[in-house]
Amino acid sequence: ESDLRLVRWAAKVSPYLYGWCAVDVLFLATATACTELNLTVQWIVQAKAGAICNWAQQAVGEPCVHISGSLGAGAIFAGIFAVTSAFLFLLTLTAWHPGPQSMSNNRVAGIADNG
Numbered sequence: 018e019s020d021l022r023l024v025r026w027a028a029k030v031s032p033y034l035y036g037w038c039a040v041d042v043l044f045l046a047t048a049t050a051c052t053e054l055n056l057t058v059q060w061i062v063q064a065k066a067g068a069i070c071n072w073a074q075q076a077v078g079e080p081c082v083h084i085s086g087s088l089g090a091g092a093i094f095a096g097i098f099a100v101t102s103a104f105l106f107l108l109t110l111t112a113w114h115p116g117p118q119s120m121s122n123n124r125v126a127g128i129a130d131n132g
């Protein structure tokens, strides 16, 4: 039990926040998709219709296909939430002082009898 009120509060609400631990993965996947999706699409288009796309690009002077993504407000909030969740996790982890668990003699005897 910590003396800091913030740590005690974080320890109480943290089980409800840990269910959202995948938000950091979601945020990073979204950011990566926004920056790398055009490269993937260009690779597929060149493999399937490279000659037609090259002809169209030379005739018009523009790329055959171009995809650009942007991170909206929701993604920014997901990133902030992911950082906050990680901070709360680390804060409550050091407040609990996890240590090795040992079995009591009664529990060990019960396991031996059933084994």
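Everything in the sequence shown is counted per the working numbering, starting at 18 for the first residue and increasing by one. Note that the Cβ used here is the ideal one computed from N, Cα and C, for glycine as well.
For the alpha helix (DSSP H) that contains Leu17, what are its first and last residues?
No answer is possible for residue 17: it lies beyond the span of the chain, which begins at 18 and ends at 132.
Collapsed DSSP secondary structure at Ala39 in the structure displayed
coil
So Phe98 packs on Val40, CB below 8 Å; how close in whole Å?
6 Å
Are the beta-carbon atoms of Ala92 and Phe44 separated by less than 8 Å?
yes
Once you ignore the five residues that flank Val30 on each side, which residues in its own chain have a CB closer than 6 Å to its CB?
none
In its own chain, which residues sit with a C-beta less than 8 Å from the C-beta of Arg22, not counting the 5 before and 5 after it?
none
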